[in-house]
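Student: Below are the structure tokens for one structure; questions will follow.
Numbering (this note's numbering), first residue to last: -19 to 244.
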């Protein structure tokens, strides 16, 4: 009988684990490739999954599972959602620069006394063969650009108006959605969704005679081709550092999220 009990124990533990996950509701704060990979993994693990998207992209790539779009109405609105939808944990897989929703998700999880884990891809680092200038934020980047620079700006559309304050720059801007502003005469805009090839990025920078790339340190492979292109062309890189929020538990891969969720 002892031998039989020892043989059955792993199966018993596995059933307990699956039962603990069954119908546990996980809210993914999404909008990234990592979030789209995370959703099916959690569904396959036995969780109920809802992905929340900000709603700023007109044709978002939709993950598996339930979907909601739009804001929650601040921290208190998110707490209300957690309670009404019986959310057991928040998996924050938003963009590394989505500071507002990350703060709200973290604070709401604390107030609701549920688990919170932040999935954030590793930042880029210089390889030693290119010139990087690190700046703390977009405002600092705008001030630091030298007059008459030919700038390739890839920071999303929201902060583009800040660069329009500099009429001594030639700007090539690119984002997934078009900017909600009238472009100055010395600007050109390209609408595009990553990934991009190194070849295309090199041709783009050559065509527009770019000598400065301004980008956010979002990390990941989908948009890293521009860094390699800048390196090969000798284009300087102004890198905007990520906002840091104290106290947040971070993981770097989709697989690591699971260990911090209820029933893991």
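We put the CB at the ideal spot given by N, CA and C, even for glycine.
What's the gap between the Cα of residue 160 and the Cα of residue 243?
Tutor: So the two alpha carbons sit approximately 45 angstroms from each other.
Student: Around the Cβ of residue 37, are there at least 16 other Cβ atoms within 10 angstroms (buried) or fewer (exposed)?
Tutor: Residue 37 comes out exposed.
Student: Which residue comes first and which comes last in the alpha helix (DSSP H) that contains residue 83?
Tutor: Counting along the chain, the alpha helix (DSSP H) containing residue 83 begins and ends at 79 to 92.
Student: DSSP puts residue 168 in a beta bridge; with which residues?
Tutor: Answer is 152.
Student: Ordered along the chain, which non-local residues of its own chain (more than five positions away) have a Cβ less than 7 angstroms from that of residue 139?
Tutor: Only 118 meet the Cβ criterion.
Student: Between the C-alpha atoms of residue 53 and residue 73, what's the straight-line distance to the nearest angstrom?
Tutor: Taking the straight line joining both Cα atoms gives about 19 angstroms.
Student: What's the C-alpha gap between residue 113 and residue 218?
Tutor: Spanning the two alpha carbons is a distance of roughly 5 angstroms.
Student: Measuring only between beta-carbons, confirm whether residue 207 sits less than 8 angstroms from chain B.
Tutor: Reference to chain B is not applicable here, since this structure consists of a single protein chain.
Student: Keeping to the same chain, check which residues put their C-beta closer than 6 angstroms to that of residue 152; ignore five residues upstream and five downstream.
Tutor: Excluding residues within five positions, the ones whose Cβ falls inside 6 angstroms are 132, 168 and 188.
Student: Just list the alpha helix (DSSP H) runs in the stretch 85 to 149, keeping only unbroken ones of 4 residues or longer that don't cross its boundaries, in chain order.
Tutor: Runs found: 118 to 124 and 140 to 143.
Student: Using a Cβ-based criterion (distance less than 7 angstroms to any ligand heavy atom), does residue 238 qualify as near the ligand NAD?
Tutor: Ligands in the displayed structure: none, and consequently the ligand NAD is not present.
Student: Exposed or buried, what is residue 245 when buried is set at 16 or more other beta-carbons lying within 10 Å of its beta-carbon?
Tutor: Any question about residue 245 goes unanswered here, given that the chain covers just -19 to 244.
Student: With H, G and I counted as helix, E and B as strand and the rest as coil, what does DSSP make of residue 196?
Tutor: Residue 196: strand per DSSP, three-state reduction.
Student: Are residue 193 and residue 206 close, meaning C-beta to C-beta below 8 angstroms?
Tutor: Against a cut-off of 8 angstroms, the Cβ pair of residue 206 and residue 193 comes out as a contact.
Student: Could you tell me the distance, in whole angstroms, from the CA atom of residue 224 to the CA atom of residue 106?
Tutor: Approximately 20 angstroms, taken between the alpha carbons.
Student: According to the Cβ coordinates, are residue 234 and residue 17 closer than 8 angstroms?
Tutor: Against a cut-off of 8 angstroms, the Cβ pair of residue 17 and residue 234 comes out as a contact.
Student: So for residue 235, helix, strand or coil by DSSP?
Tutor: Correct three-state label for residue 235: helix.
Student: Given 8 angstroms as the limit, is there contact between the stretch 42 to 50 and the stretch 175 to 190, that is, 3 or more CB pairs closer than that?
Tutor: Not touching, per the Cβ criterion.
Student: Measure the C-alpha to C-alpha separation of residue 208 and residue 150 and round it to an integer number of angstroms.
Tutor: Roughly 22 angstroms between the two C-alpha positions.
Student: Is it right to say residue 227 is buried, meaning 16 or more other beta carbons lie within 10 angstroms of its own, or is it exposed?
Tutor: With fewer than 16 other Cβ atoms within 10 Å, it is exposed.
Student: Tell me whether residue 172 is buried or exposed, calling it buried when 16 or more other Cβ atoms sit within 10 Å of its Cβ.
Tutor: Exposed, by the Cβ-count rule.
Student: Between the alpha carbons of residue 215 and residue 241, how many angstroms are there, rounded?
Tutor: Going from the Cα of residue 215 to the Cα of residue 241 covers about 43 angstroms.
Student: Spatial neighbours of residue 154 within its chain, please: CB distance less than 6 angstroms, with the 5 preceding and 5 following residues excluded, ordered by chain position.
Tutor: Counting only Cβ-Cβ distances below 6 angstroms, and skipping sequence neighbours, we find 134, 170 and 172.
Student: Figure out for me which residue from 95, 108, 146 and 137 has the closest Cα to the Cα of residue 120.
Tutor: Checking every option, the nearest Cα to that of residue 120 belongs to 146.
Student: Buried or exposed: where does residue 57 fall if 16 or more other Cβ atoms within 10 Å of its Cβ makes it buried?
Tutor: It is exposed - the Cβ of residue 57 has fewer than 16 other Cβ atoms within 10 Å.
Student: Could you give the DSSP three-state label for residue 63: helix, strand or coil?
Tutor: Correct three-state label for residue 63: helix.
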